[in-house]
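Below you'll find the structure, written out as structure tokens, and then a few comments.
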DNA sequence: AGACAATAGATGTCGTCAACAACAATATAG
DNA sequence: CTATATTGTTGTTGACGACATCTATTGTCT
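Chains as they are written, first to last, in the working numbering: chain A, 572 to 742; chain B, 572 to 742.
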């Protein structure tokens, strides 16, 4: 079951939309509600950073209706020659059953196809369609815009530091 | 709609369980499947780090069946005097409707209660029950174990650096 | 060569998530 | 006093995450 720290949402939060102060904001007139020990948990801040970044990504790619998960799958398919579903699922760390359903939706949108493997009749060689390639090209450009915005906000050095620190992250 | 980068899972991955190499592993004998441009996306690595940390948290607190979301809610309720649902939802950045259902489940477990507010008949003052306080105490101890393990893995300096970098994260 | 094990992909199912909508009761603003 | 906003709740939807089970096919072992 997916679990997550709950954390303050970013763009689109109710507090941002309402003109009046929220109850929480009013409360801080006397005794601000606090996060307690959550302040010391890396997981909590990882989650909220992830939410913030994902929301910016989703907003940025909204015009082509591609979310982070779809982008990951398109990227792996587009970067490898006819990978199998097992390979894609393994690489991205998702259940094969889940990938089946994602591919179903991508196929319905005409973005990817399942080609019979020439060497293993159980397998498919996944490919982007011409339409999928075109859309993926646009997705990459938009994703680059999103990442540039992150870099702008964090600073190039900070962004690089985070990328490196998280890249080597292992438990 | 919840979105996420897909990324390699950590503990419990199929590759870890099977004795034989996976298709992806075999493939690397000739042409390793790659992540493509995902390698350069902060969001991708944020997601996989978050997944790794959450899974360790969930394993660590499995004995008391408390996930990150429940822990967050219990922490805010336990750290504030009779907060309202609106306050808790605002602070944690979740929809009020969602908190209602979470509180329903926590109440069913006998961990929290909704006291009528003395000042606002629309509101509840949320509280941990004695059982909830006891369980929350145990949860804090287990969460500290989880965090200590993170610190052990990352190194205290690295952990602190990440915590600070993510703490100030804003989009 | 044949039996058995493993793999690839698919479908079913369940509880929960995330989000949106709509509503009633109550508080606040004017 | 009336209009607007807030609090909490219920309903609903598509997707997620996970597990189970199945068929077709390939690989391994004897």
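Here a beta-carbon is modelled for each residue, glycine too, at the ideal position from N, C-alpha and C.
Which residues of the segment 679–695 of chain B have a Cβ closer than 7 Å to any Cβ of chain A? Give them in chain order. none
State yes or no: is the C-beta of residue 711(B) within less than 8 Å of the C-beta of residue 608(A)? yes
For residue 622(B), write down the residues that DSSP places opposite it in a beta bridge. None; residue 622(B) has no bridge partner.
Provide the residue span of the alpha helix (DSSP H) that contains residue 729(B), from first to last. 727–738
Comparing alpha-carbon positions, which option in 707(A), 695(A), 659(A) lies nearest residue 681(A)? 707(A)
Pull up the distance between the alpha-carbon of residue 666(A) and that of residue 624(B), whole angstroms please. 19 Å
Just to make sure I have the definition right: I need the residues of chain B whose C-beta is within less than 9 Å of the C-beta of residue 708(A). Which are they? What residue 708(A) touches in chain B: nothing, since even the nearest Cβ is about 11 Å away.
Please report the distance separating the alpha-carbon of residue 685(A) from that of residue 618(B). 28 Å
Pull up the distance between the alpha-carbon of residue 718(B) and that of residue 612(A), whole angstroms please. 7 Å
The segment 636–655 of chain B touching the segment 686–704 of chain B, judged by at least three CB pairs closer than 8 Å: yes
Does the beta carbon of residue 647(A) sit closer than 8 Å to a beta carbon anywhere in chain B? yes
From 702(B), 645(B), 721(B), 716(B), pick the residue whose C-alpha is nearest to that of residue 662(B); which is it? 645(B)
How about residue 628(A) and residue 614(B): are their beta carbons less than 8 Å apart? yes
Residue-level contact to chain B via CB, residue 676(A), 8 Å cutoff: no
Compare the C-beta of residue 705(A) with all C-beta atoms of chain B and state if any pair is closer than 8 Å. no
Could you work out which residue in 635(B), 632(B), 642(B), 737(B) is closest to residue 606(A) when comparing CA atoms only? 642(B)
Apart from the five residues just before and just after residue 631(B), which ones in its own chain have a Cβ nearer than 7 Å to its Cβ? 713, 716, 717
For residue 608(A), return the contacting residues in chain B, with the cut-off set at a CB-CB distance below 8 Å. 646, 650, 711, 714
Which ranges does the beta strand (DSSP E) cover as unbroken runs of at least 3 residues, wholly within the segment 655–710 of chain B, from first to last along the chain? 683–687, 695–699
For residue 741(A) and residue 620(B), the rounded distance between their alpha carbons: 8 Å
Scan the segment 611–629 of chain A for residues whose Cβ lies nearer than 9 Å to a Cβ of chain B and list them as they occur along the chain. 611, 612, 613, 614, 615, 616, 617, 618, 619, 620, 621, 622, 623, 624, 625, 626, 627, 628, 629
Using the three-state DSSP reduction, which class does residue 652(B) fall into: helix, strand or coil? coil
Excluding the 5 residues preceding and the 5 following residue 599(B) in the sequence, name in chain order all residues of the same chain whose CB lies nearer than 6 Å to its CB. The predicted model places residue 599(B) with a pLDDT of 37, which falls under 50 and marks its position as unreliable; any figure quoted below should be read in that light. For residue 599(B), where only same-chain residues beyond five positions count, there are no Cβ hits under 6 Å.
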